[in-house]
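FYI, in the numbering used here the residues of the sequence shown are 1156 to 1326. Structure, as structure tokens:
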Amino acid sequence: MEKEKKKYPIGAEHYTMYEEVGTGVSASVHRALCNPLNEIVAIKILDFERNNSDLNNISREAQTMGLVDHPNVLKSHCSFVSDHNLWVVMPYMAGGSCLHILKAAYPDGLEEVVIATVLREVLKGLDYLHQHGHIHRDVKAGNILIDTRGAIKLGILVFPPTYLIPGIGNV
């Protein structure tokens, strides 16, 4: 029997924001509670006013996140606009990022066998994205996420291959 897909609500009023768990140039990620489902989620908030990217590309990223279907790529539950911000609701990866784990527990780096295991899972996710015509432009330790069971997922930041990079052209 197929598992029924949860319906995540559209609208900021349905979420209780907790602490910020990550930040970037144009976005921040918060741990939050989806009130109707009583489920902890992560919400990536992109500030349209701070973001220099084309809004169409931002929207495309959010749509792509909702369409991906691979165990090693983070999928979004839903996305919506609230007060000049794009909210992308995603599973909360309680294990944190590889960057966080490295800084907190392994300042001298991980053992080679651990690195190989993590990279194998990341490469599976990248292969899936590439086979579906997407390019991940920001593979780094901070975008490799781990859940409480140790599953490794690639946080997604993708653009279709037709995206024009200023000064470079088609990719």
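Yeah, the Cβ is synthetic: ideal placement off N, Cα and C, and Gly gets one too.
- In the structure shown, residue 1224 falls within a coil segment according to DSSP collapsed to helix, strand and coil.
- If you look at residue 1173, you'll find it in the beta strand (DSSP E) that goes 1170–1178.
- The shortest CA-to-CA distance from residue 1235 to any of 1285, 1281, 1221 and 1228 is the one to 1221.
- For residue 1191, same chain residues with a beta-carbon under 7 Å away, outside a window of 5 residues either side, are 1164 and 1169 in chain order.
- For the alpha helix (DSSP H) assignment, the uninterrupted runs of no fewer than 4 residues enclosed by the stretch 1246–1319 are, from N- to C-terminal side, 1253–1260 and 1267–1286.
- Counting the other Cβ atoms within 10 Å of the Cβ of residue 1217 gives 16 or more, which makes it buried.
- Residue 1185 and residue 1162 have their alpha carbons spaced roughly 20 Å apart.
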